[in-house]
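Pasting the structure below:
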């Protein structure tokens, strides 16, 4: 099923409301003095907040009556079977490690995206501890809701020097460090979750390189926000990141802001070998 701009805009409002409800439930767990976690099969942590948010989001999406499958990180049974051309992609609590740190940075998010033909057409990212929500709708635009106020957001033009990068707070690998050194990065901010995409989307950073492993539910909603704000997410060799892969596993990617016309090619930013 393909959506029109009007349909995506209507769905976005409904998904924002679902995200807010899930965020409230997550924060109820977050403010407790102790939060227990368990280890999933892959060794990553999972908490009660993950499960409670997952239930709220999946139930909310089902109530929308939009007849496409829902693939959620916390429901392994949804990871198998035939891949649909259109589907919801959900991470009910992205950045569980940051959630467990309780260090005041608020680097965890709720990610909800609608995928059509391998591309994110709608994405909502809510950082409940920061009270910041980012929404992106393909062919319409992106906006941030903060403190009860909603404003449109756009990427800034990526400069040829003095670039500001965002990188993973928990998964900074040697390849990413090498890329940062090779690409005229003046400043790097480490933060968890899909917030990294959103900081590029709202002009608080220029680029987010990721060479470590990620899954599609980690990136789809933030990718949708960034694209709607004028940026793109590409593989290191310049191909647009696609969704609905058999394993739902991403390759390495570079999330970048708006490039300057005629001065900077996509490959120049994506590949450190060009430096």
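In my numbering, the protein residues as written are 1 to 275.
We put the CB at the ideal spot given by N, CA and C, even for glycine.
DSSP-derived helix/strand/coil call for residue i
| i | result |
| --- | --- |
| residue 263 | Only weak support exists for where residue 263 lies, its pLDDT of 37 falling under 50; the value from the coordinates is given anyway. Note: residue 263 maps to coil in three-state DSSP. |
| residue 14 | helix |
| residue 158 | coil |
| residue 28 | helix |
| residue 21 | helix |
| residue 232 | strand |
| residue 173 | coil |
| residue 187 | strand |
| residue 41 | Reliability fails at residue 41, whose pLDDT of 49 lies under 50, so the model's placement of it is uncertain and the value that follows must be treated cautiously. Reduced to three states, the DSSP call for residue 41 is coil. |
| residue 164 | strand |
| residue 317 | Residue 317 falls outside the range modelled here, since the chain spans only 1 to 275, and no answer is possible. |
| residue 237 | coil |
| residue 6 | helix |
| residue 198 | helix |
| residue 291 | With the chain running from 1 to 275 in the structure shown, residue 291 is simply not present. |
Proximity of residue i and residue j at Cβ, strictly below 9 Å
| i | j | result |
| --- | --- | --- |
| residue 237 | residue 212 | no |
| residue 228 | residue 129 | no |
| residue 89 | residue 216 | yes |
| residue 120 | residue 243 | yes |
| residue 192 | residue 98 | yes |
| residue 92 | residue 127 | no |
| residue 255 | residue 111 | no |
| residue 109 | residue 241 | no |
| residue 96 | residue 47 | yes |
| residue 218 | residue 59 | no |
| residue 258 | residue 157 | yes |
| residue 160 | residue 186 | no |
| residue 205 | residue 225 | no |
| residue 102 | residue 30 | yes |
| residue 124 | residue 197 | no |
| residue 155 | residue 230 | yes |
| residue 56 | residue 5 | no |
When the options are compared against residue i, the one with the closest alpha-carbon
| i | options | result |
| --- | --- | --- |
| residue 61 | 195, 14 and 240 | 14 |
| residue 189 | 201, 207 and 178 | 207 |
| residue 247 | 127, 223 and 214 | 214 |
| residue 26 | 224, 179, 198 and 131 | 131 |
| residue 8 | 177, 85, 145 and 140 | 140 |
| residue 179 | 210, 65 and 6 | 210 |
| residue 51 | 23, 3 and 176 | 23 |
| residue 1 | 181, 87 and 183 | 87 |
| residue 245 | 3, 63 and 71 | 71 |
| residue 203 | 144, 107 and 67 | 144 |
Identified DSSP bridge partners for residue i
| i | result |
| --- | --- |
| residue 89 | 71 and 113 |
| residue 141 | 137 |
| residue 123 | 113 and 136 |
| residue 153 | 142 |
| residue 253 | 210 |
| residue 258 | 157 |
| residue 94 | 109 |
| residue 215 | 249 |
Closer than 9 Å to chain C by CB, residue i
| i | result |
| --- | --- |
| residue 88 | You won't find chain C in this structure, because it holds only one protein chain. |
Tell me, please, whether the stretch 149-169 touches the stretch 108-121 by the rule of three or more beta-carbon pairs shorter than 8 Å. In short, these stretches do not touch, since the Cβ pair count stays below three.
Could you check whether the stretch 126-145 touches the stretch 1-18, counting it as contact only if at least three pairs of C-beta atoms, one from each stretch, sit closer than 8 Å? Counting Cβ pairs under 8 Å, three or more are found: they touch.
I want to know whether the stretch 141-156 touches the stretch 233-252 - three or more CB-CB distances under 8 Å. Output reads no: the stretch 233-252 does not touch the stretch 141-156.
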